[in-house]
Amino acid sequence: MANIPDKPTLDGIEDRWAAQWDSDGTYRFDASVPREGVFSIDTPPPTVSGSLHMGHVFSYTHTDTIARYQRMSGKAVFYPMGWDDNGLPTERRVQNYYGVRCDPSQHYVDGFEPPFRGDPPKNHHAIPISRPNFLELCDELVELDEQVFEALLKRLGLSVDWNHQYATIDERSRRASQRAFLRNVTRGEAYSQEAPTLWDIDFRTAVAQAEMEDRDRPGAYHTIPFARSDGNGAIEIDTTRPELLAACVALVAHPDDERYQPHFGTTVRTPLYGVEVPIVAHELAQPDKGTGIAMICTFGDTTDVTWWRELNLPMRAIIGRDGRLHADAPDGVDPAAYATIAGLTVKQAQKVVVEQLVEQGLLIGEPRGIQHPVKFYERGDRPLEIVTSRQWYIRNGGRDADLRGALVSRGTEVTWHPAHMQHRYDNWVEGLNGDWLVSRQRFFGVPIPIWYALDEHGEPRYDEPLLPDESRLPIDPSTDAPEGYTESQRGEPGGFTGDPDVFDTWATSSLTPQIAGGWEEDNDLFEHVFPMDMRPQAHDIIRTWLFSTITRSHHEFGCAPWSHAALSGWILDPDRKKMSKSKGNVVTPLDLFETYGTDAVRYWAGSARPGVDTAFSEEQMKVGRKLANKLLNVTKFVLQFGAPSDDRSLDDAVTDPIDRSMLAKLDGVIDDATAAFDAFDYARALERTEAFFWWFCDNYVELVKGRTYDEQRPQGAESAKRALREALGAVQRLFAPILPFATEEAWSWWNDSSVHLAPWPTASGTAATPFGDPTLADVTIEVLTQVRRAKTEAKRSQRAVVATLVVTAPLTLHPAIDAGRHDLVDAGSIRTLDLVDGATLGTVVTLADED
RNA sequence: GGGCGCAUAGCUCAGUUGGCUAGAGCGCUUCCCUUACAAGGAAGAUGUCGGGGGUUCGAGUCCCUCUGCGCCCACCA
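What follows is the structure in structure tokens.
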């Protein structure tokens, strides 16, 4: 037990207590507790690609309050920490940090030293290095970043068990990711397919539906005539992508469109290239768009893919993986005409094609500028193209109504906080239009653990992939050989080749409950924590992380991966706009921790209702600091009265009606806060606790402090001391989830063990006993308030003596006022108090003259 | 086009099954160095609960409708 300081302070308590919790193992998970006594959390692994920002502070605080409440409620809390260091963000950061870029054609250099470590000059050209060298640098930087993150999260006071950590690129994650995938393949839940795929031409990788977003971009309608093959005039189409004319395979109109019905089954010739293409009907064609008839290209957008597939149209692809037009003309296209655009970028080609159309009089009118939504990879800078490539997919219901229904149904096994977030999940799952593309043509990721046998011509046999035995995992098919082959057979006819791709980062992070829980690695642990109790996350990644995690759990275990999903909101600028990264980084979390104290920042976060977007507010942090400070001061004050002189039961010791009334009020607060935390509503628990706390400090303590000193009334003094300590202890514990540092500090002055391991308070039951009326004390306090008002209005000090106080009150209130009479006289410095009968509560205050 | 959320004091927000004159904090005004706290304390002013209609003895709360804002999703020629 520590001594009570003369001058309580919040300064420095974070480092002191964080170190203490570390050395005491305060938050260590006890894996011996049976599953029903465990509360397990599927902690979001932050992307380790920069710095922690206020969004992290906000949502991790919310989770931590729940973890702390559950721990105090007697649960063994499994609260691991993961790092998402796998994937593109890390690759980018490594490039920018070391001034290098990955070039798989380079050879490995032993002991390679990068040209820079941090901030290469702007004019520096990234030097190409081998894939293994690049991956080494990824590992190095990720290690550094994770140390910084861990320090900051400890400073935030997260009650994470730091013995349970993982990184999405570490060996255990790679093993889990590959194992889960191989099982998906074996059960037919994953497959590879050569198909048109959304493609980012800068990153040169395929992109999944979930990673795609719309951005408004300027474009222009070009009206172009297609000459009818029978020589009878032309059909005009509108297109925003004239550069794709060479890729045109058909024109399409709605089957009910009378304007075009006569033309279905006939053909036209493409301008410039002279390819004969059919006019076809499909209900996706919209009569009110443009001229009502569209050209189908392979491929301009995802609708083209649908048409191409459903109408069995030929392939005439012209866009390559680098975003440039293929060197050779596709089948049927006039090579001379195509040569003028071969090798150009999409943008350059459009310019050339439009010029050619104008020259040949094939552009009707002027191009009409519009703003229209264009599909982008969420991390990309140029519009997505669609190219054909072989990719791996995991079935997610996008092409199977039964599976889709099953996954929606899994969503109903989860309790959503707030409840309406489930709509977003349903909405997403029901709107899927393809399976989940998991392969990526990148470097820093979990390798796809597959080889392909090569036939006698050296061509891969994709229909018969070679799978490693699970005991070998993790493997890298680019350096490991499949069973039954030797490394010398790599790339040889009759030999094998490794799948060159890696998994999308979501393919691994969709397994966080499995990875953190020790799936197939520590079966005992896994049985104690899975399915998990809580998945906390932001609502913008319901369609990615949340959905993919449910999908993997559904395939592997046939259950939902957790019973609760807690969705946190966004941080908004004070002007209610979504907080931009740049702005969010101006005020760093560490600065705020230093300025206001960690508890104050947590108070701001904890004041936000679950799932509600919340304005960034330093004003709220100031209020939080005030609260934490008050808690220390009132603790010091209450404790200085000393411990009660005996160990009678609470019911026996607290005899004064005012004290019993206060405890009854406290009972209600404890019940409310407990119910709120059980419903994951930390904000409501905080609000109720806080309201009680200020009432306690401003009114109850002021009212009874005279009595605690009063040697004439030892029983009353004992009652007050005991009630004060009872309430203090409850309040400290009620605040502990939100303000872990200040409560621990205050608790340590009169307890030997951590407040965070103390039992969550329960109602004393005072409310059901004599004088256990929570409103009784309020009558006395109302009178006290009127006395205070009289002093304020008289511009006198609150210490001014009241010569006589006449209280008028209905008879029903007289017992309450008599009960508080002594305390009132003390607190108000009242010489004589007369109580008379009257219709309403009122007072006449006569102040004594000033000396 | 489909779905979801929000609208209460100048600002940020509570208001859980409908129930006394609608609450808190910040900000604002006045006063007080009072023995836990001046990074404090006491007191005070402030609202057509977005508009309209309905159910009810009674509606901020339930129903309908309109308006405004925000988010998610959608095949975007």
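Counting in the working numbering, the first sequence runs from 935 upward without gaps. Where is the CB? At the ideal position from N, CA and C, for every residue including glycine.
- When C-beta atoms of the segment 1372-1383 are compared with those of the segment 1400-1412, three or more pairs fall below 8 Å, so the two segments count as touching.
- Proline 1176 and histidine 1156 have their C-alpha atoms roughly 7 Å apart.
- Rounded to the nearest angstrom, the gap between the Cα atoms of lysine 1285 and aspartate 1150 is 21 Å.
- DSSP, reduced to helix, strand and coil, places cysteine 1182 within a strand of the structure shown.
- Per DSSP, the continuous alpha helix (DSSP H) segment holding glutamine 1649 begins and ends at 1648-1669.
- Just so you know, the alpha carbons of aspartate 1605 and tyrosine 1003 end up roughly 14 Å apart.
- With 16 or more other Cβ atoms from the protein chains shown falling within 10 Å of its own Cβ, aspartate 1018 counts as buried.
- The Cβ atoms of leucine 1341 and valine 1363 sit closer than 8 Å to each other.
- Looking only at Ile1298, Thr1774 and Glu1621, the smallest Cα-Cα distance to threonine 1225 is reached by Ile1298.
- Under DSSP, the beta-bridge partners assigned to alanine 1168 are Ala1161.
- Looking at the DSSP output, glycine 1016 bridges to Tyr1100.
- Annotation: serine 1422 is outside any beta strand (DSSP E) and is labelled neither H nor E by DSSP.
- If you look at serine 1443, you'll find it in the alpha helix (DSSP H) that goes 1439-1443.
- If you compare the alpha carbons of Glu1393, Asp1079, Lys1309 and Gly1295 with that of glutamate 1426, the shortest gap goes to Glu1393.
- In the three-state scheme derived from DSSP, where H, G and I count as helix and E and B as strand, glutamine 1448 is classed as helix.
- Annotation: the continuous beta strand (DSSP E) that includes tryptophan 1350 extends over 1349-1351.
- Taking 8 Å as the cut-off, the beta carbon of isoleucine 1505 is found no closer than this to the beta carbon of methionine 1355.
- Taking C-beta atoms as the reference points, arginine 1486 and alanine 1181 fail to come closer than 8 Å.
- Within the segment 1105-1160, the runs of beta strand (DSSP E) that reach at least 3 residues and sit entirely inside it are, in chain order, 1124-1134.
- When secondary structure is reduced to three states using DSSP, threonine 1774 falls in the coil class, being assigned neither helix nor strand.
- When DSSP reads this structure, glycine 1432 sits in a beta bridge with Trp1385.
- Aspartate 945 counts as exposed, since fewer than 16 other beta carbons sit within 10 angstroms of its beta carbon.
- Distance from arginine 1203 to threonine 1232 at the Cβ level is roughly 17 Å; contact not present, criterion being Cβ atoms closer than 8 Å.
- Annotation for alanine 1613: no beta strand (DSSP E) segment contains it, and DSSP assigns it neither H nor E.
- Within the segment 966-998, the complete beta strand (DSSP E) segments at least 3 residues long are 972-974, listed from N- to C-terminus.
- Contact between the segment 1527-1538 and the segment 1014-1031 is not established, with fewer than three Cβ pairs separated by less than 8 Å.
- At least 8 Å separates the beta-carbon of alanine 1187 from that of alanine 1168.
- If only uninterrupted beta strand (DSSP E) runs of at least 3 residues are considered, those enclosed by the segment 1735-1772 are 1736-1743 and 1764-1771.
- Distance check between alanine 1562 and each of Pro1196, Val1635 and Gln1666 places Gln1666 closest, using alpha-carbon atoms only.
- In this chain, the alpha helix (DSSP H) harbouring arginine 1243 covers 1236-1244.
- Contact between arginine 1376 and aspartate 1256 does not hold, since their C-beta atoms are separated by about 15 Å, which reaches or exceeds 8 Å.
- If one requires a minimum length of 4 residues, the alpha helix (DSSP H) runs lying completely within the segment 1242-1330 are 1269-1273 and 1280-1293, in chain order.
- Closest in C-alpha terms to isoleucine 1764, from the list Tyr1634, Asp1783, Gly1199 and Asp1360, comes Asp1783.
- The beta carbon of threonine 1532 is closer than 7 Å to those of Glu948, Arg1089, Leu1090, Gly1091 and Phe1675 in its chain, skipping five residues each way along the sequence.
- The segment 990-1000 and the segment 1031-1050 do not touch, with fewer than 3 CB-CB distances between them shorter than 8 Å.
- Going by C-alpha positions, tyrosine 1272 is about 30 Å away from glutamine 1220.
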